[in-house]
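> Pasting a structure below so you can have a look.
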Amino acid sequence: MSETTLTRTDRSMPTARLLRRRRRPPTATVVCVVLLALGTVGMLAPFAYMLVTALKSAQHAYDLPPDWYPKEFHWQNFTDAINGPLPLLRNLWNSAFIAAITTLGMLITAPMAGYAFAHLRFPGRNGLFVLLLAALMVPIQVTVIPLFLIMRNLHLINTPWSLILPQVTGAFGVFLMRQFFLSVPRELFEAAKVDGANEWTIYRAVALPLVKNGLSALGILTFLTSWNAYFAPSIFLNSQDSATLPLALVLMRGPFSTGQINVIMAATTFAVVPAFIVYLIAQRWIIAGLTSSAVKG
Amino acid sequence: MAAGAGDRRRHREARAGYLFVAPSLLGFIVFVLGPLIAVAYFSFTRYDVLTSPQFAGLANYRRLLTDARLHAVYLNTVLYVVAAVVLINGFALVLAVLLHQRMPHFLTLIFRSVYFFPSLVSLVYISLIWQALFQHDTGLVNYYLGQVGVGPQSWLNSTSLSRWTVVVVDVWRNLGLAMLIFVAALQDVPAELEEAAQIDGAGPITTFRKIIMPMISQAIFFNVTITVIGAFQIYESVIVLTNGGPGDSTRSVVMYLAERAFSDFQIGYASAIAMTLFVVILTATLIQFRLRRSWVHYE
């Protein structure tokens, strides 16, 4: 069961299923495709609205019936968003910096622990692993008050480090990497051990290259989680200059939704497009990472 | 001599093990375990950040019992949780079964991407878009409802309807992730099993209930667990869509907690609320572990 992790998304059509599927009546297929296609309209419409509105001039922004393709190309909305009252490029940089450093840290700490829990023997290993897993039941919403006080005492409020430090280690990453390391046969490391290599060398030279897919999945999921976060940033960052992109967009909209919708949608487009690009490039690893943690408890 | 070398190697391996888990363990102690103990301690104190915490016994917990606003926000949150569990997993399972049928491979890829993509976008951005769509006079939702003869609804400003608006946005955003996990689980069901059932004369519904459901039960439990934990944390969608209103009708527990802690600086009381959230999430997770042990089919 454990060796299926790495290839789960690649082997979508084994021969047995191909044979079985061929026997299905085509009407069932047509019904399924039609139902799924109807649903995609509902999934795509909000994004289409976002794109079209982002290109509208202020006077047509609220026109009804709505346009579903752009009739005007008011690119100025994007420059207006960037040059607006909020330092949007600064906020973008903050988001990128926090997400990048967090991801880097996670890619160092989680595979080490995952490897140790999967392949090294030491007293208390299982107990420590269960303890670490218990952290999955403690969301940051529960611990935010002491975390805020820690960050305040360290004078890290309104700095990226208040968000980076608590996130560079994490139970999910350790759990995920352990799963990937478990799918590598032990013998591969044993051989290196007999050759007299020390544990660090085995880990760096033998083990890590074998779980590249796992590292990609962990990296992308960590990056996206940080990039999308709102709760902790909303508590730890309360100046415009330190704000991340999601905070900035909520500020831009204003407490009573007074912001201009076409400019806000331009800024939203600006924020959604990176996620889209990441998905296009990395969907394989995103899907492998998310499904492997689910299907094997 | 050989035993000595083995001992030394085992010793070295154990030391490496501790060193390898040390950073993660340190992070856990400083940023999870320590704060958890601290929040438990604060929940028994009166604390406003400026002066040091005063022991207050069970005062904060007594206040939990009589705080009508807390009860209201808990009720909202429980609705979010139940609705998320039922609707996200229900829709996701249907989508996964549809997606599992034979169709050209590029269609599978496109459908999977379209349904899954919103799960990767910050809920803040999703909520900003939907907030515009749900506007009373200018929103597209009311416009199209008008086209089919339904009067305009007060999606964002109604004490009865707005909490369902929050649910709609949450379900729309998260069903793709649950679908993805169901699809992966369905791919693991051996085709021979399904065939055998069909040869024995089982219809598609019986096959699904008796063969497929037990085989994907682990994925169901996983999805239910993450939707429960996720929905208990609902925050930014409410902030963007309704800011908790009208009144407290959409406010979530996490919002209420953050307001008590960081607007009123009632650290003690907010910590007691955080403890309730912790106990609720812990209980929900443990119940599912227990159920899972008796229900889940392991290969």
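In order, the protein sequences belong to chains F and U.
Under this note's numbering, the residues of the first sequence are numbered -14 to 282, in order.
Under this note's numbering, the residues of the second sequence are numbered 79 to 377, in order.
We put the CB at the ideal spot given by N, CA and C, even for glycine.
A quick note: this is a predicted structure, and the numbers were derived from the prediction, not measured.
(1) Considering only DSSP beta bridges, list what ARG124(U) is partnered with.
(2) Could you give the DSSP three-state label for GLY239(F): helix, strand or coil?
(3) Consult DSSP for THR144(U) and reduce its assignment to one of helix, strand or coil.
(4) Using a cut-off of 9 Å between C-beta atoms, extract the partners of GLU184(F) located in chain U.
(5) Counting along the chain, where does the alpha helix (DSSP H) carrying PRO31(F) start and finish?
(6) How many angstroms separate the CA atom of LEU173(U) from the CA atom of LEU21(F)?
(7) At what residue ranges does the stretch 243 to 280 of chain U contain a whole run of the alpha helix (DSSP H), taking only runs of 4 or more?
(8) Specify the secondary structure class of LYS197(F) as computed by DSSP and reduced to three states.
(9) Just mark MET(-14)(F) as buried or exposed, buried being the case when its beta carbon has 16 or more other beta carbons within 10 Å.
(10) When the Cα atoms are used, what is the spatial distance from LEU211(U) to PRO31(F)?
(11) Do VAL244(U) and THR186(U) have their C-beta atoms closer together than 7 Å?
(12) With a threshold of 16 other CB atoms inside 10 Å of the CB of SER211(F), please say whether the residue is buried or exposed.
(13) Drop a sphere of 10 angstroms on the beta-carbon of GLN344(U), count the other beta-carbons inside from all chains shown, and report buried for 16 or more, exposed for fewer.
(14) Could you name the residues of the stretch 133 to 152 of chain F whose beta carbon sits closer than 9 Å to any beta carbon of chain U, in the order they occur along the chain?
(15) Write down the C-beta distance between TYR158(U) and ALA309(U) rounded to the nearest angstrom, noting that I regard them as a contact closer than 8 Å.
(16) Quick check on GLY229(U): does DSSP put it in helix, strand or coil?
(17) What does the alpha-carbon distance come out to for the pair LEU128(U) and ASN138(F)?
(18) Starting from the N-terminal side, write out each stretch of the alpha helix (DSSP H) that is 4 residues or longer and does not extend beyond the stretch 131 to 189 of chain F.
(19) Applying the criterion that 16 or more other CB atoms from any shown protein chain within 10 Å of the CB defines a buried residue, is LYS41(F) buried or exposed?
(20) Closer than 8 Å is the cut-off here; do at least three beta carbon pairs connect the stretch 101 to 109 of chain U with the stretch 154 to 171 of chain F?
(21) Go ahead and label TYR33(U) buried or exposed: buried means 16 or more other beta carbons lie within 10 angstroms of its beta carbon, across all protein chains shown.
(22) Using 7 Å as the limit for Cβ to Cβ distance, is VAL159(F) near chain U?
(23) Please look up how many angstroms separate the CB atoms of HIS104(F) and PHE166(F), rounded, as I've assumed it's under 8 Å.
(24) Report yes or no: do the stretch 125 to 141 of chain U and the stretch 218 to 233 of chain U share at least 3 C-beta pairs separated by less than 8 Å?
(25) Could you spell out where the alpha helix (DSSP H) holding ARG287(U) opens and where it closes?
(26) Measuring straight from C-alpha to C-alpha, what distance separates LEU134(F) and ASN68(F)?
(27) So within the stretch 287 to 352 of chain U, which uninterrupted alpha helix (DSSP H) runs reach at least 4 residues, ignoring any that extend past its ends?
(28) Measuring only the C-alpha atoms, how far is VAL306(U) from ASN252(U)?
(29) Tell me the DSSP secondary structure of THR237(U) in three-state form.
(30) Per DSSP, what kind of secondary structure is ASP48(F) in: helix, strand or coil?
(31) Roughly how many angstroms lie between the CA atoms of LEU335(U) and ILE142(F), to the nearest whole one?
(32) Tell me the DSSP secondary structure of PRO70(F) in three-state form.
(33) Restricting to Cα atoms, I'd like to know which of LEU111(U), GLU91(U) and PHE120(U) is closest to ILE351(U).
(34) What residue range is occupied by the uninterrupted alpha helix (DSSP H) comprising ALA170(U)?
(35) Taking just the CA atoms, how far does ILE188(U) sit from ALA66(F)?
(36) Closer than 8 Å is the cut-off here; do at least three beta carbon pairs connect the stretch 84 to 96 of chain U with the stretch 182 to 196 of chain F?
Put simply:
(1) Paired residue(s): GLN132(U).
(2) The answer is coil: DSSP assigns GLY239(F) none of H, G, I, E or B.
(3) If DSSP states are grouped into helix, strand and coil, THR144(U) belongs with the helices.
(4) Counting only Cβ-Cβ distances below 9 Å, GLU184(F) has contacts in chain U at ARG90, GLU91, ARG93, ALA94, GLY95, LEU97 and PHE98, in chain order.
(5) Start and end: 11 to 39.
(6) Rounded to whole angstroms, LEU173(U) to LEU21(F) spans 7 Å at the Cα level.
(7) With a minimum length of 4 residues, the continuous alpha helix (DSSP H) runs that stay inside the stretch 243 to 280 of chain U are 269 to 277.
(8) Per DSSP, reduced to three states, the secondary structure at LYS197(F) is helical.
(9) For MET(-14)(F), the pLDDT reaches just 36, beneath the cut-off of 50, and the residue's location in the model is therefore unreliable, leaving the point undetermined.
(10) Whole-angstrom Cα-Cα distance: 8 Å.
(11) Judged by beta-carbon spacing, THR186(U) lies beyond the 7 Å limit of VAL244(U), meaning their Cβ atoms are not closer than that value.
(12) Under the 10 Å beta carbon count, SER211(F) is surrounded by 16 or more other beta carbons and is classified as buried.
(13) Buried, since its Cβ has 16 or more Cβ neighbours within 10 Å.
(14) Listed in sequence order: PHE133, LEU134, ILE135, ARG137, LEU150, PRO151 and GLN152.
(15) About 5 Å separates the beta carbons of TYR158(U) and ALA309(U), which is inside the 8 Å limit, making them a contact pair.
(16) In this structure, GLY229(U) counts as coil in the three-state DSSP scheme.
(17) Roughly 12 Å between the two C-alpha positions.
(18) 146 to 152, 156 to 167 and 172 to 179, all fully within the stretch 131 to 189 of chain F.
(19) If you draw a 10 Å sphere on the C-beta of LYS41(F), you find 16 or more other C-beta atoms in it, and that means buried.
(20) The stretch 101 to 109 of chain U makes contact with the stretch 154 to 171 of chain F: 3 or more CB pairs, one atom from each, lie closer than 8 Å.
(21) The shown model of chain U, from 79 to 377, leaves out residue 33(U), and the question about it has no answer.
(22) Answer yes: the Cβ-Cβ gap between VAL159(F) and chain U drops below 7 Å somewhere.
(23) Contact holds; Cβ gap of about 6 Å.
(24) No, the stretch 125 to 141 of chain U is not in contact with the stretch 218 to 233 of chain U.
(25) Unbroken run through ARG287(U): none, as it is neither H nor E.
(26) Their backbone Cα atoms lie some 34 Å apart in a straight line.
(27) Fully enclosed alpha helix (DSSP H) runs of 4 or longer: 295 to 310, 314 to 319 and 331 to 340.
(28) Taken atom to atom, the span from the alpha-carbon of VAL306(U) to that of ASN252(U) is near 12 Å.
(29) In this structure, THR237(U) counts as coil in the three-state DSSP scheme.
(30) Under the three-state reduction of DSSP output, ASP48(F) falls in the coil class, being neither helix nor strand.
(31) Straight across, the Cα-Cα distance linking LEU335(U) with ILE142(F) is about 19 Å.
(32) Coil.
(33) For the set LEU111(U), GLU91(U) and PHE120(U), the Cα lying nearest the Cα of ILE351(U) is the one of PHE120(U).
(34) For ALA170(U), the enclosing alpha helix (DSSP H) begins and ends at 167 to 177.
(35) For ALA66(F) and ILE188(U), the distance between alpha carbons rounds to 32 Å.
(36) Between the stretch 84 to 96 of chain U and the stretch 182 to 196 of chain F, the count of C-beta pairs closer than 8 Å reaches three or more; the two stretches touch.
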